[in-house]
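Colleague: First, the structure itself, so that you have it in front of you.
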Amino acid sequence: MSPPWTAGVAGGGPKVVAIGGGHGLAATLRAVRTYTDQVTAIVSVADDGGSSGRLRKLLHIIPPGDLRTCLVALAEPGSLLASTFEYRFVSEELAGHALGNLILAGLIDETGDPVVALDEAGRLLGVKGRVLPATVEPVVLKAQADGGHVAGQVAVMATDNIREVSLVPSDPKAPAEAVAALEEADQIIVGPGSLFTSVLAAIAVPEIRDGINRSKAGKVYVCNLRPQVPETEAFDVGMHVEALVAHGALVDSAVCDTSGLPLGHPGVPIVDRRLARPNGLAHDPAKLASVLSDLLG
1 MSPPWTAGVA
11 GGGPKVVAIG
21 GGHGLAATLR
31 AVRTYTDQVT
41 AIVSVADDGG
51 SSGRLRKLLH
61 IIPPGDLRTC
71 LVALAEPGSL
81 LASTFEYRFV
91 SEELAGHALG
101 NLILAGLIDE
111 TGDPVVALDE
121 AGRLLGVKGR
131 VLPATVEPVV
141 LKAQADGGHV
151 AGQVAVMATD
161 NIREVSLVPS
171 DPKAPAEAVA
181 ALEEADQIIV
191 GPGSLFTSVL
201 AAIAVPEIRD
211 GINRSKAGKV
221 YVCNLRPQVP
231 ETEAFDVGMH
241 VEALVAHGAL
251 VDSAVCDTSG
261 LPLGHPGVPI
271 VDRRLARPNG
281 LAHDPAKLAS
291 VLSDLLG
């Protein structure tokens, strides 16, 4: 039975919040935008590498890269302006910078408010929905691993046997708009993406974690298609869910593709489907949308 809403109706559809970072969250957003216009992305801002890391250090702003990626994912497919946001310079001082990162950095600097800056960028791109940072404060990701403590997202990504991640400061404020979106949501989607350095880096913001748990929305975790070396090497679906629970986030179900990731013992209801694009490297938006919209009932 088709859900009682249709895609493409301006302002229509269920209220969906998607949480995470980077290309994993972008895959979810491309799926969700096909069945609702009311989508809010809550994006991790712990990145300290590449163009984002350079701008963060230079301008003392939250890193723009994952925010840019999510804005582009919610823009109209084939948009020239959206693809230009992804353009990377190759020469001299600007080498490695994405144009969209520079635009976001300028908007943040001009407005003094990352939320206002993102809303303006969203209007410029004509996005469906809204992109919000998990926190407007610069944060450092820390991990406790078998080898001791590691600080910084880039360093954590290169670490195995991670037990726990946290943020410094430990209680950064979430935007009021993000807290409100969680409270009003009909569906909350967590992931996919780098488990510790994207997904849990967003959930580690106390108001985001608490907002997830207080919400009456259906909460679903979208698992990665395969282990990420070394961050989640040897992880199965159950271990992903256990990590969420260990960091205080509870979900009602998990969506996975066990052709690339073993099931293990998740402890929550599972939807197991073949979800990958033909190249096997990313989630297919249409396949993922079918599963996620069905979970709404």
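All the letters of the sequence shown, read from the start, carry residue numbers 1 to 297 under our numbering. Note that CB positions come from ideal geometry on N, CA and C, so glycine has one too.
Would a C-beta distance cut-off of 8 Å place G24 and S253 closer than the cut-off?
Modeller: Within the sequence shown, the letter at position 24 stands for residue 24. Within the sequence shown, the letter at position 253 stands for residue 253. Cβ distance not < 8 Å, so G24 and S253 don't count as in contact.
Colleague: Please say whether L99 and A121 have beta carbons closer to each other than 8 Å?
Modeller: On the sequence shown, position 121 is the one that residue 121 refers to. On the sequence shown, position 99 is the one that residue 99 refers to. Going by C-beta atoms, A121 is not nearer than 8 Å to L99.
Colleague: Helix, strand or coil for T36 per DSSP?
Modeller: What you label residue 36 is simply residue 36 of the sequence shown in a count that begins at 1. The answer is coil: DSSP assigns T36 none of H, G, I, E or B.
Colleague: Short check: CB of A217 to CB of L167, under 8 Å?
Modeller: Against the sequence shown, residue 217 aligns to sequence position 217. Against the sequence shown, residue 167 aligns to sequence position 167. No, the pair does not count as a contact, with Cβ atoms beyond the cut-off.
Colleague: Is the separation between the beta-carbon of S51 and that of N101 shorter than 8 Å?
Modeller: Position 51 of the sequence shown, counted from the start, is the residue given in the question as residue 51. Position 101 of the sequence shown, counted from the start, is the residue given in the question as residue 101. Cβ atoms of S51 and N101: closer than 8 Å.
Colleague: G126: which of E76, K15 and L295 sits nearest, CA to CA?
Modeller: Position 126 of the sequence shown, counted from the first residue, corresponds to residue 126. Among E76, K15 and L295, the Cα nearest to that of G126 is on E76.
Colleague: Residues in the same chain with beta-carbon distance under 6 Å from I162, minus the five sequence neighbours each way, listed in chain order, please.
Modeller: The residue given as residue 162 occupies position 162 in the sequence shown. Result list for I162: A143, A145 and F196, in chain order.
Colleague: Going by CA-CA distance only, name the one from D113, G112, K128 and I108 that's closest to S79.
Modeller: What you label residue 79 is simply residue 79 of the sequence shown in a count that begins at 1. Selected option, being the one with the closest Cα: K128.
Colleague: The alpha helix (DSSP H) that contains D119, what's its start and end?
Modeller: Indexing the sequence shown from 1 puts residue 119 at position 119. Residues P114 to L125.
Colleague: Does DSSP put R88 in a helix, a strand or coil?
Modeller: Residue numbering aside, residue 88 sits at position 88 when the sequence shown is read from its first letter. If DSSP states are grouped into helix, strand and coil, R88 belongs with the strands.
Colleague: Quick check on the DSSP output: the beta strand (DSSP E) that includes V154 runs from which residue to which?
Modeller: Within the sequence shown, the letter at position 154 stands for residue 154. No beta strand (DSSP E) holds V154; the alpha helix (DSSP H) holding it covers Q153 to M157.
Colleague: When you compare each of V220, L55 and A234 to R226 by their alpha carbons, which one comes out closest?
Modeller: Locating residue 226 in the sequence shown gives position 226, counting from the first residue. Cα-wise, what sits closest to R226 is A234.
Colleague: Let me check one thing: in DSSP terms, what residues is S166 bridge-paired to?
Modeller: In the sequence shown, counting from the first residue as 1, residue 166 sits at position 166. Its beta-bridge partners are K142.
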